[in-house]
Amino acid sequence: VSPRHHGVASGQGGCVYCAEPGLDFSAPGVLYLITNANWRAAKIGVTTTASRKDRLATHAKYGWKVAKTWRFETGAAAYRVEQRVVRAWRDSGYPEAMPADEMPSGGSTETVALEAVSLLEIEQIIAATADTH
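If you read the sequence shown in our numbering, its first letter stands for residue 27, the second for the next number, and so on.
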């Protein structure tokens with residue numbers, strides 16, 4: 027595992043696989059791409075079919091709209107792709123688009139400005155990284 031300071035500080039714990047409030051990474055996974063027109067931002071995220079909390083419904087309450095979803099055999103596979111996409115954004119110099127205090131549902135570290143990268147480019151990154159897992 028590779029815990030990040032922000033994740034541990036926000037109560038996620040060190041291991042995404044055994045964290046009690048976390049996802050069941052062995053359940054079928056869903057990678058989602060959502061957008062927020064007010065912030066001109068995109069966010070990538072992961073949920074599973076066994077999730078106790080509907081992440082997409084929670085984000086929708088704050089103006090996020092689903093652009094696209096991808097299904098994976100496991101949440102772990104979806105999570106690996108999510109992390110590769112975020113790493114590709116940061117390696118390309120695209121910073122987080124949302125301040126943490128503007129995302130009460132969490133996930134600011136998985137955001138990017140749509141001025142920096144288009145939805146088509148994000149989908150291409152996802153396709154390229156999904157082929158490598």
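A virtual CB, placed ideally from N, CA and C, is assigned to each residue, including glycine. As the structure is a prediction and not an experimental result, all values here were calculated from the model.
Of the candidates Asn62, Trp90, Trp96, Lys87, Trp96 places its Cα closest to the Cα of Thr75.
Between the C-alpha atoms of Ala63 and Thr73 there is a straight-line separation of about 22 Å. In the three-state reduction of the DSSP assignment, Gly101 falls in the helix class, which pools H, G and I. The beta-bridge partner set that DSSP reports for Ala139 consists of Ala67. Secondary structure at Leu49: coil, using DSSP grouped into helix, strand and coil.
Look at Ala153 here: in three-state DSSP terms it is helix.
Checking the DSSP bridge columns, you'll see Tyr120 has no partner listed.
Here Trp115 carries a helix assignment [DSSP, helix/strand/coil].
A distance below 7 Å between beta-carbons, with the five flanking residues on each side excluded, links Glu122 to the following residues of its chain, in chain order: Ser134, Thr135, Thr137. Residue environment for Val56: buried (at least 16 other C-beta atoms within 10 angstroms of its C-beta).
Here Ala86 carries a helix assignment [DSSP, helix/strand/coil]. The closest CA to that of Ser144, considering only Pro54, Lys69, His85, is found on Lys69. For Ala76, the three-state secondary structure derived from DSSP is coil.
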